[in-house]
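K.L.:
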Amino acid sequence: MKYAFQFLGILFTACLLNACSSVFKDKNCIEGSGDVITEERPFEGSIQKIYNGIAGNVFITQGSEQKVTIQAQANLIPLLNLTLVDQELRIEFKDNSCVNNSTINIFVTAATINKVTLAGSGNIEGQNTWESPNLEAIISGSGSIKATIKSTEVNSSLGGSGNIVLSGSTQKQSLHLTGSGNYQNFGLASEQTTVNLTGSGNVEIQASQALNVTISGSGNVAYKGSPSITQNITGSGKVNNAN
Numbered sequence: 009m010k011y012a013f014q015f016l017g018i019l020f021t022a023c024l025l026n027a028c029s030s031v032f033k034d035k036n037c038i039e040g041s042g043d044v045i046t047e048e049r050p051f052e053g054s055i056q057k058i059y060n061g062i063a064g065n066v067f068i069t070q071g072s073e074q075k076v077t078i079q080a081q082a083n084l085i086p087l088l089n090l091t092l093v094d095q096e097l098r099i100e101f102k103d104n105s106c107v108n109n110s111t112i113n114i115f116v117t118a119a120t121i122n123k124v125t126l127a128g129s130g131n132i133e134g135q136n137t138w139e140s141p142n143l144e145a146i147i148s149g150s151g152s153i154k155a156t157i158k159s160t161e162v163n164s165s166l167g168g169s170g171n172i173v174l175s176g177s178t179q180k181q182s183l184h185l186t187g188s189g190n191y192q193n194f195g196l197a198s199e200q201t202t203v204n205l206t207g208s209g210n211v212e213i214q215a216s217q218a219l220n221v222t223i224s225g226s227g228n229v230a231y232k233g234s235p236s237i238t239q240n241i242t243g244s245g246k247v248n249n250a251n
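This is the structure:
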């Protein structure tokens, strides 16, 4: 009788797993197949902002000749929907297609880069130094944004579990962190820095003149430099000197 119950338990578990597997299969997720193809997508308008909403990599170069190139397996190319709306290049899948275990690389060259947004589990990576008076970096997904910049002001928002890693220089930087991701910016020289931390992620920043920190979450702020510090802490997080 004991072994009969064990057998029934195993059988029930197997049926349950099979049912779950069927549910996922019903999504008709597509895996890449065929040769890797390179395709150029032309756009008449000026690209100044990039939105990555897929599980793919976007490599951005600041340059005078605008160009958008896709590298992906043959069956995935038709699924990629790239549109230009209000100077924002939006990278998405057609009809909310589900794509699994595939590598998609998109290379963008644009003269001006004012805003980068990551909404999926992909990545955005700068290939050279972006020079922009005002730059905005936003993550609501689980991927990462990595770039070297030269800017007057940088505004970042991190609401997902991803990471923002910036280096270079700026006069001012402002960060709003509500998720569990991390802001790793010891390499970004900044004069004035403002941090609003309501999530559980951690912040690493540099400030030479002024640091204004508000923490109502459980994350910590580590800083380098010798700024004057204004802090308002109602959560469990701390401000730590990392010099």
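Residues 9 to 251, numbered by the working numbering, are exactly what the sequence shown covers, in order. Cβ coordinates follow ideal geometry from the N, Cα and C atoms, glycine included.
#1: Please list, in chain order, all residues of the same chain as G243 whose beta carbon is under 7 angstroms from its beta carbon, the five residues on each side excluded.
#2: What three-state label does DSSP hand I55 in the structure shown?
#3: Just the Cα atoms here: how many angstroms apart are L205 and I85?
#4: Measure from the alpha carbon of E212 to the alpha carbon of each residue in N36, L185, T238, then state which is nearest.
#5: Exposed or buried, which one is T202 when buried takes at least 16 other CB atoms within 10 Å?
#6: Rounded C-beta distance between V116 and V162? I'm assuming under 8 angstroms.
#7: If you run the structure through DSSP and keep just helix, strand and coil, what is S85?
#8: Would you mind sorting L25 into buried or exposed? The rule is 16 or more other CB atoms within 10 Å of its CB.
#9: Quick check: the Cα distance between Q239 and S129, rounded to an integer number of angstroms?
#10: My guess is that I58 and L90 are in contact by the Cβ rule of under 8 angstroms, so how many angstroms apart are they, rounded?
#11: Taking just the CA atoms, how far does S150 sit from S177?
#12: Measure from the alpha carbon of S175 to the alpha carbon of each residue in N193, N104, A230, then state which is nearest.
P.N.:
The relevant details are as follows:
#1: Here residue 243 refers to the residue found at position 235 of the sequence shown. For G243, the CB contacts under 7 angstroms within the same chain, skipping 5 residues up- and downstream, are I223, S224, G225, S226 in chain order.
#2: In the sequence shown, the residue the question calls residue 55 occupies position 47. Note: I55 maps to coil in three-state DSSP.
#3: Within the sequence shown, residue 205 is the residue found at index 197, counting from 1. Within the sequence shown, residue 85 is the residue found at index 77, counting from 1. Their backbone Cα atoms lie some 39 angstroms apart in a straight line.
#4: Here residue 212 is taken as the residue at index 204 of the sequence shown, counted from 1. When each option's Cα is compared against that of E212, the closest is L185.
#5: On the sequence shown, position 194 is the one that residue 202 refers to. Buried: at least 16 other Cβ atoms inside 10 Å.
#6: Looking up residue 116 in the sequence shown gives position 108. Looking up residue 162 in the sequence shown gives position 154. Their Cβ separation, rounded to whole angstroms, is 19 angstroms, which puts V116 and V162 out of contact at 8 angstroms.
#7: Stepping through the sequence shown from its first residue, residue 85 is reached at position 77. What sits at residue 85 in the sequence shown is Ile, not Ser. If DSSP states are grouped into helix, strand and coil, I85 belongs with the helices.
#8: The count along the sequence shown starts at 1 and reaches residue 25 at position 17. Only weak support exists for where L25 lies, its pLDDT of 46 falling under 50; the value from the coordinates is given anyway. L25 comes out exposed.
#9: Numbered from its first residue, the sequence shown carries residue 239 at position 231. Numbered from its first residue, the sequence shown carries residue 129 at position 121. Straight-line Cα distance between these residues: approximately 33 angstroms.
#10: Counting from 1 along the sequence shown, the entry for residue 58 is found at position 50. Counting from 1 along the sequence shown, the entry for residue 90 is found at position 82. Wrong, their Cβ atoms sit about 10 angstroms apart, outside the cutoff.
#11: Walking along the sequence shown from the start, residue 177 turns up at place 169. Walking along the sequence shown from the start, residue 150 turns up at place 142. Distance between the alpha carbons of S177 and S150: 25 angstroms.
#12: Stepping through the sequence shown from its first residue, residue 175 is reached at position 167. Of the candidates N193, N104, A230, the residue whose Cα lies closest to the Cα of S175 is N193.
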